[in-house]
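Below is one structure, written out as structure tokens; comments come after it.
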Amino acid sequence: MKTFGFAGWSGSGKTRLITRLLPELIDRGFSVSTIKHAHHNFDIDQPGKDSYEHRQAGASEVMIASETRWALMHEHRGMPEPDASALIAEMTPVDLVLIEGFKSHAHPKLEIYRSTLGKTLLHPDDPHIVAMASDVSLADLALPRFDAEDVKSIADFIERHCGLNRPAAPEVA
Numbered sequence: 032m033k034t035f036g037f038a039g040w041s042g043s044g045k046t047r048l049i050t051r052l053l054p055e056l057i058d059r060g061f062s063v064s065t066i067k068h069a070h071h072n073f074d075i076d077q078p079g080k081d082s083y084e085h086r087q088a089g090a091s092e093v094m095i096a097s098e099t100r101w102a103l104m105h106e107h108r109g110m111p112e113p114d115a116s117a118l119i120a121e122m123t124p125v126d127l128v129l130i131e132g133f134k135s136h137a138h139p140k141l142e143i144y145r146s147t148l149g150k151t152l153l154h155p156d157d158p159h160i161v162a163m164a165s166d167v168s169l170a171d172l173a174l175p176r177f178d179a180e181d182v183k184s185i186a187d188f189i190e191r192h193c194g195l196n197r198p199a200a201p202e203v204a
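Per my numbering, the very first residue in the sequence shown carries number 32; after that it's consecutive.
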């Protein structure tokens, strides 16, 4: 599976850009999944639910399934947090996996920079940043640069950079 990531400070618009890129890439015929790194001790389960009780009782994995979706929760139980590669290996194969977070993982990334945050660029310290999207020009950088709102151009770049091949249109009889 091809991977492409998004880096930026909190509040820079990573999630917003990804949620706007997903329909654009899917409309182009690509199957796309996402992986999001949570920086906090998050929980998608709730006390009082059966699945929560299973985990609290010691289950290593709990799968919840319905007619519309399924989810698998895996407890680390003292093991180190898996890196992005290990998690991607658990996913169903698709054309492209978009990665939000996992800053230290060695995958190509687009940095989203918002001048209004008053933060420094991540680019000089991350050799895996291959392009920039910003609300200012950043003309002095030797990387491809995009307006942070230009979803079509960013999707074009990801398609080219990842070597994605659009599926052939079905032949009409």
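For every residue, glycine included, the Cβ atom is placed at its ideal position computed from N, Cα and C. Everything numeric in this text was worked out from a predicted model, so none of it was measured.
Next item on the list: May I ask you to report which of helix, strand or coil DSSP gives T46?
Entry: Here residue 46 is taken as the residue at index 15 of the sequence shown, counted from 1. In the structure shown, T46 sits in a helix (DSSP, three-state: H, G or I).
Check: Within this structure, are the beta carbons of A115 and I143 separated by less than 7 Å?
Finding: To locate residue 115, count along the sequence shown from 1; it is residue 84. To locate residue 143, count along the sequence shown from 1; it is residue 112. Taking C-beta atoms as the reference points, A115 and I143 fail to come closer than 7 Å.
Notebook entry, point to check: Hey, would you say H192 sits closer than 7 Å to F133, going by beta carbons?
Noted result: As a first step, residue 192 must be located in the sequence shown, where it is residue number 161. As a first step, residue 133 must be located in the sequence shown, where it is residue number 102. Against a cut-off of 7 Å, the Cβ pair of F133 and H192 comes out as no contact.
Checklist line | C-alpha gap between A90 and M110, whole angstroms | finding: As a position in the sequence shown, residue 90 is number 59, starting the count at 1. As a position in the sequence shown, residue 110 is number 79, starting the count at 1. Rounded to the nearest angstrom, the two C-alpha atoms are 14 Å apart.
Next item on the list: Can you say whether E190 is buried or exposed, counting buried as having 16 or more other CB atoms within 10 angstroms of its CB?
Entry: Taking the sequence shown and counting its residues from 1, the one referred to as residue 190 is at position 159. With 16 or more neighbouring CB atoms inside 10 Å of its own CB, E190 falls in the buried class.
Margin query: Can you give me the C-alpha to C-alpha distance between S184 and D157, rounded to a whole angstrom?
Written below: Within the sequence shown, the letter at position 153 stands for residue 184. Within the sequence shown, the letter at position 126 stands for residue 157. Using only the alpha carbons, I get a separation of about 23 Å.
Next item on the list: Check R59 in the structure and name its three-state DSSP category.
Entry: To locate residue 59, count along the sequence shown from 1; it is residue 28. Three-state DSSP puts R59 in coil, outside helix and strand.
Check: When DSSP builds the beta bridges, which residues end up paired with I189?
Finding: Numbered from its first residue, the sequence shown carries residue 189 at position 158. Beta-bridge pairing links I189 to no other residue.
Note to self: My assumption, with CB atoms under 8 Å, is that L52 sits in contact with A164. Please give the rounded CB distance.
What the structure shows: Looking up residue 52 in the sequence shown gives position 21. Looking up residue 164 in the sequence shown gives position 133. With a Cβ gap of about 10 Å, L52 and A164 do not count as contacting.
Checklist line | Three-state secondary structure (DSSP) of T34 | finding: Indexing the sequence shown from 1 puts residue 34 at position 3. Residue state, collapsed to three classes: strand.
Notebook entry, point to check: Does the distance from the CB of E131 to the CB of I57 come in under 7 Å?
Noted result: In the sequence shown, the residue the question calls residue 131 occupies position 100. In the sequence shown, the residue the question calls residue 57 occupies position 26. E131 is not a Cβ neighbour of I57, given a cutoff of 7 Å.
Next item on the list: Rank S64, G60, P54 by C-alpha distance to the C-alpha of G36 and give the top, closest one.
Entry: Residue 36 sits at position 5 when you count from the first residue of the sequence shown. When S64, G60, P54 are compared, the shortest CA-CA separation from G36 is found for S64.
Note to self: Checking 7 Å against the spacing of the C-beta atoms, do V128 and T34 come in under that value?
What the structure shows: In the sequence shown, the residue the question calls residue 128 occupies position 97. In the sequence shown, the residue the question calls residue 34 occupies position 3. The answer is yes: Cβ separation under 7 Å.
Notebook entry, point to check: E84 to V93, Cα distance in whole Å?
Noted result: Walking along the sequence shown from the start, residue 84 turns up at place 53. Walking along the sequence shown from the start, residue 93 turns up at place 62. Per the coordinates, the alpha-carbon of E84 lies some 10 Å from the alpha-carbon of V93.
Note to self: Going by C-alpha to C-alpha distance, which of T147, V182, L174 sits closest to V167?
What the structure shows: The residue labelled residue 167 in the question sits at position 136 within the sequence shown. Ranking the options by Cα distance to V167, first place goes to T147.
Next item on the list: May I have the straight-line CA-CA distance separating R86 from E106, to the nearest angstrom?
Entry: On the sequence shown, position 55 is the one that residue 86 refers to. On the sequence shown, position 75 is the one that residue 106 refers to. Spanning the two alpha carbons is a distance of roughly 8 Å.
Next item on the list: Can you check the region 50-122 for any alpha helix (DSSP H) of at least 4 residues that lies completely inside it and give the ranges in chain order?
Entry: DSSP runs (the alpha helix (DSSP H)) wholly in the region 50-122: 81-87, 115-120.
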